[in-house]
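Below is one structure, written out as structure tokens, with a few remarks after it.
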Amino acid sequence: MRVPVIAGNWKMNTTVGEAIELVNAMLRELDAVDSVDKVLCPPFVSLSAVKELIKGSSIKLGAQNIYFEEKGAYTGEVSPVMIADLCEFVIIGHSERRQYFSETGEIVNKKVKAALKIGLKPILCIGEKLEENEGGRAEEVITEQINSSLAGIEYPGELIIAYEPVWAIGTGRAATGEQANETIGLIRQNMAELYDNKIAQDLRILYGGSVTADNTAEFMRQPEIDGALVGGASLKADQFLSIVRQTSEIRQVK
Ligand code: PEP
11 MRVPVIAGNW KMNTTVGEAI ELVNAMLREL DAVDSVDKVL CPPFVSLSAV KELIKGSSIK
71 LGAQNIYFEE KGAYTGEVSP VMIADLCEFV IIGHSERRQY FSETGEIVNK KVKAALKIGL
131 KPILCIGEKL EENEGGRAEE VITEQINSSL AGIEYPGELI IAYEPVWAIG TGRAATGEQA
191 NETIGLIRQN MAELYDNKIA QDLRILYGGS VTADNTAEFM RQPEIDGALV GGASLKADQF
251 LSIVRQTSEI RQVK
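Just so we're aligned, residue 11 is where the sequence shown starts under the working numbering, counting upward by one.
Put into structure tokens, the structure is as follows:
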């Protein structure tokens, strides 16, 4: 049984004070939901404060990015060692990083390696752009992203993959449950070919892209989907809580 994961990617939102407010607005109720891994990914500057607030609870912490070097003259970067000191998870290869910060497959690969080496659990984001989807190239793009992100990695450890079609992120235009389930099934098949069937079956693969409290159930009822990476809706305590609760309920009967 794969334990579902609901991860909230706050992106570049919330001051430290606002982050504390957001956590306090859902802390107790979120903590009470079982059968789901609940992961908050606030901005770097709020990690320590959020870590302190969730101490002793079942809520887990993730970062939104890391650099791949351990330390040194890399002004402005944050190393895997620093993040491992605070977090269990780290988002790697988000499409916004690929798009706005020129992250290539090679860079993503170095980051995944660095995270696994230090014991961080990567949430590796992959997904095709709109034109790639419309050109019937989604499968090809996803296969290439898996191969380049995991090149030279013999064992992916506690990797999580988030399938995030770029056209669905922050657009309000989510994929359908069936579409996401089919692509996630292909990702699992790819992982079975790259590694083995056991690794592929144990791997948690999330859907991400305009997930809200209103469409969560459609995704969570799908057999291949093991949770969600949630952007916009993770900034609203009631929405995030509802997504987590629905996932827990659906999962009990799935
Ligand atoms: C994301 O940031 O990974 C994401 C899926 O965003 P949104 O839920 O806002 O589409």
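The beta-carbon is built from N, C-alpha and C at its ideal position, and this holds for glycine as well.
Predicted model only: the values in this text are computed from it and were never measured.
It is roughly 22 angstroms from the alpha-carbon of Pro233 to the alpha-carbon of Phe250. In this structure, ligand 1 has a non-hydrogen atom nearer than 6 angstroms to the beta-carbon of Asn19. Contact between the region 102 to 118 and the region 46 to 60 is absent, with fewer than three C-beta pairs closer than 8 angstroms. Counting only the Cα atoms, Gly115 lies some 19 angstroms from Leu130. Looking at the DSSP output, Pro132 shares a beta bridge with Val100. Separation of Ala243 and Ala223 (C-alpha to C-alpha, rounded to the nearest whole angstrom) is 8 angstroms. Residue environment: Met22 is assigned as exposed (fewer than 16 neighbouring CB atoms within 10 Å of its CB, all protein chains considered). Within the DSSP bridge table, the entry for Gly72 names Phe99 as partners. Non-local beta-carbon contacts of Glu228 in its own chain, meaning distances under 8 angstroms to residues more than five positions away in sequence, involve Thr186 and Gly187 in chain order.
Residue state for Asn19 is assigned as strand, using DSSP reduced to three classes. For the pair Gly137 and Glu174, the CB atoms are nearer than the 7 angstroms cut-off.
In this chain, the alpha helix (DSSP H) harbouring Tyr110 covers Ser105 to Tyr110. Thr257 and Ala83 have their alpha carbons spaced roughly 43 angstroms apart.
Val49 sits in a strand when the DSSP states are folded into three classes. For Gly103, the CB stays at least 6 angstroms from every heavy atom of ligand 1. Note on Asp248: under 16 other CB atoms within 10 angstroms of its CB, so exposed under the neighbour-count rule. DSSP places Ile215 inside the beta strand (DSSP E), whose first and last residues are Arg214 to Gly218. Distances from the alpha-carbon of Ala178 to those of Ala238, Ala210 and Lys246 put Ala238 closest. Under DSSP, the beta-bridge partners assigned to Tyr173 are Ile136 and Tyr217. By alpha-carbon distance to Ile128, the top candidate from Glu80, Arg261, Tyr217 and Leu32 is Glu80.
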